[in-house]
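One point on numbering: in the UniProt record's numbering, the residue at position 102 of the sequence shown is 102, and numbering is uninterrupted. The beta carbon of each residue, even a glycine, is placed where N, CA and C say it ideally should be. On a predicted model such as this, the values are computed, not experimentally measured, just so you know.
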Amino acid sequence: MTMDTSAERTAAEESMMQHLGVIRDELQCYICHRTLQDPHCLACNHNFCKPCIDSQLCKAVSECPKCGIPMCPSDVHRNQFLDGLLNEWKLVEAALAKTEKPTGTPAKRKLPVDFESPSSSTQDAMTSLLSTPQLNSYKNRLERQAQLLDDSVASTPSPPSLKTATLLPPSSQKQTSSIPSPPCAASSQETSMSVPTPPKVPSPPKSDTKVVLVPQSPPRREPQPITGQAPLVPATQNAEDDDDEIPETELPVYRHDYNDYDEDEETQAPHLHFSPSSPSPPHVLRIAATNLTKEQNQLLLYCVRSLGGRFGQTFRTSRDPITRLPMPPVSHLITTSDSEKRCQRTQKYMEGLAAQAWIVDMQWVVESFKAKRWLAEDEFEILGDASALESADGTPRRCRTSPKGTTQIFKRFCFKQMHDCMEQATSVQIVVEACGGVWKKHGENGDPRGRTVVGIVSKSLSKSKCRALAVRHHPMLIIRANWIFDSISHMQCQPYDKYIP
Numbered sequence: 001m002t003m004d005t006s007a008e009r010t011a012a013e014e015s016m017m018q019h020l021g022v023i024r025d026e027l028q029c030y031i032c033h034r035t036l037q038d039p040h041c042l043a044c045n046h047n048f049c050k051p052c053i054d055s056q057l058c059k060a061v062s063e064c065p066k067c068g069i070p071m072c073p074s075d076v077h078r079n080q081f082l083d084g085l086l087n088e089w090k091l092v093e094a095a096l097a098k099t100e101k102p103t104g105t106p107a108k109r110k111l112p113v114d115f116e117s118p119s120s121s122t123q124d125a126m127t128s129l130l131s132t133p134q135l136n137s138y139k140n141r142l143e144r145q146a147q148l149l150d151d152s153v154a155s156t157p158s159p160p161s162l163k164t165a166t167l168l169p170p171s172s173q174k175q176t177s178s179i180p181s182p183p184c185a186a187s188s189q190e191t192s193m194s195v196p197t198p199p200k201v202p203s204p205p206k207s208d209t210k211v212v213l214v215p216q217s218p219p220r221r222e223p224q225p226i227t228g229q230a231p232l233v234p235a236t237q238n239a240e241d242d243d244d245e246i247p248e249t250e251l252p253v254y255r256h257d258y259n260d261y262d263e264d265e266e267t268q269a270p271h272l273h274f275s276p277s278s279p280s281p282p283h284v285l286r287i288a289a290t291n292l293t294k295e296q297n298q299l300l301l302y303c304v305r306s307l308g309g310r311f312g313q314t315f316r317t318s319r320d321p322i323t324r325l326p327m328p329p330v331s332h333l334i335t336t337s338d339s340e341k342r343c344q345r346t347q348k349y350m351e352g353l354a355a356q357a358w359i360v361d362m363q364w365v366v367e368s369f370k371a372k373r374w375l376a377e378d379e380f381e382i383l384g385d386a387s388a389l390e391s392a393d394g395t396p397r398r399c400r401t402s403p404k405g406t407t408q409i410f411k412r413f414c415f416k417q418m419h420d421c422m423e424q425a426t427s428v429q430i431v432v433e434a435c436g437g438v439w440k441k442h443g444e445n446g447d448p449r450g451r452t453v454v455g456i457v458s459k460s461l462s463k464s465k466c467r468a469l470a471v472r473h474h475p476m477l478i479i480r481a482n483w484i485f486d487s488i489s490h491m492q493c494q495p496y497d498k499y500i501p
């Protein structure tokens, strides 16, 4: 009964330790393989340590290390429930460490005891232990191997005695190094053993005719065939400026022109493939997004990674987080539009107009993903923004096709913020500077020379306060902030009459 109880207890302990091992594996981080510390959860419900997930977010294209779904910084949140569970698990681990018995000492092996001849003293016990059949067979095998070794040594012949070599004096060494005359009889044996006599060369027959020496003409060099490959020259570009230094996952993928694509293989023109070491084409896909949902952002990240390109958060010039090389400017802005191809007027939309980038609908990304290549953007280009309606139709196309610098419509203006707590003051400053203007915050002194100073007030400020500001800062012109947005929507400075408070 006692043995059955101990066996059941042992089986229960083994089952419990097995379940604890499963729990321990579930509470480990997939990246560092340690117990989770400050656990954070993603949109796919996978948990990781906070330092591990921060290292993943530093990459150009971030994704879940476990399932590969693209992620954004907004998808990461702290898992408070799992954090409390980990605190309780630490107590369980400490209790298990105390209850475990040390198993470092090896188990003792019991030797067989000869019960036929009981030992009366220690010497008799040792004698009985040394007379086991296993030991006797081992002794016999050792004796046979020793006998075979002695027989092999006795039958081996002795090596012949080596003769010592006699050293010749320096004079004799000099004679033997050159071609000698016929040797004497006394030293014929030694010289014949040291240096063999060369065979005699027959002399040419003598003739009475004179021999005229003529200089030999130089050998002809056949012309080398001309190949189409250009000669290789040493590189003069620094290693950090070359595209080969970029990791494979961060190689910029350039857009090919598919407008003249022909399915007939016989009439199709050959495509030019650019290697990473060759000069880069001028058109590099760098995509930004605005007014998209969380699911649309994830789809956009996946398409950029599959079809090639870069994804930028802002229009500011920055460096690649991995290679530290300067990033190309934003070439495409992705947004959503209505049935008339008009989108919302956001900060990035106005930055896209100033940057002369493509402003296309999200449907361009979906159709390109279905075709497995970037399609032409003309059919998906945005017509204008919903705030300016029909009066601003065609502004994105006009800005994109205009010469560089034509979008700097505020290059002669200096705008001053006239009061505190202005709505979206940071966004107004960004779009003003993108269009070439200068923005002065409230209380900031100093007016740049050669620029027209204009005061800006919010659209919600009362008329009485606006009139008081106009009297105090006379003769400065004070207008509403809507004038800046409408001017950018039309990419042309609007009249002041409708915007004076």
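For residue i, three-class secondary structure by DSSP
i	result
W374	coil
Q356	coil
P501	coil
N136	helix
T267	Caution applies to T267, whose pLDDT of 35 falls short of 50 and renders its modelled position unreliable; the value that the coordinates give is listed next. Coil.
T35	strand
S380	The displayed chain sequence assigns Phe, not Ser, to residue 380. F380 falls in the helix class under three-state DSSP.
E63	strand
P329	coil
R324	coil
R316	coil
H77	strand
P70	strand
M422	coil
G446	coil
D393	coil
L96	helix
M17	helix
From the options, residue whose alpha carbon lies closest to that of residue i
i	options	result
I382	Q356, T406 and W374	Q356
K459	R472, N482 and K440	N482
C67	L142, H46 and R9	H46
Q424	K411, K441 and T323	K441
Q390	D151, R400, N291 and D486	The displayed chain sequence assigns Glu, not Gln, to residue 390. When only C-alpha atoms are compared, the closest one is D486.
S331	S318, D320, R310 and S337	R310
S489	T317, P396, A289 and S402	P396
Y349	E377, T314 and D497	T314
M327	V284, Q429 and S131	V284
T336	P321, T293 and R319	T293
G443	D420, T10 and D151	D420
Sub-8 Å separation of residue i and residue j beta-carbons
i	j	result
V431	Q494	no
I359	Q492	no
C52	C32	yes
V366	C414	no
G312	I287	yes
C343	N297	no
G437	K411	yes
R373	L300	no
T35	L86	yes
T401	C435	no
V61	R305	yes
G450	M476	no
C49	P65	no
P501	V457	yes
I478	M418	yes
C399	L469	no
I322	K59	yes
D75	A43	yes
Bridge-paired residues (DSSP) for residue i
i	result
T335	D361
V438	C414
D385	C343
N47	C41
V453	C414
Q28	T35
L477	V454
F311	I287
Same chain only: Cβ atoms within 6 Å of residue i, ignoring 5 sequence neighbours per side
i	result
D393	L383 and G384
K139	none
R345	D385 and S387
R324	none
N79	P39, C41 and N47
Close Cβ partners of residue i (< 8 Å) along its chain, the five nearest in sequence each way excluded
i	result
L375	Y258, W364, E367 and S368
E377	H332, W358, V360 and W364
M193	For M193, the predicted structure reports a pLDDT of 47, less than 50, and the residue's modelled location is therefore unreliable. A value from the coordinates is still provided. Cβ within range, chain order: n/a, list empty.
H473	M418 and G455
D150	none
Own chain, CB closer than 7 Å to residue i, minus 5 neighbours either side, in chain order
i	result
C29	L36, F48, C49 and C52
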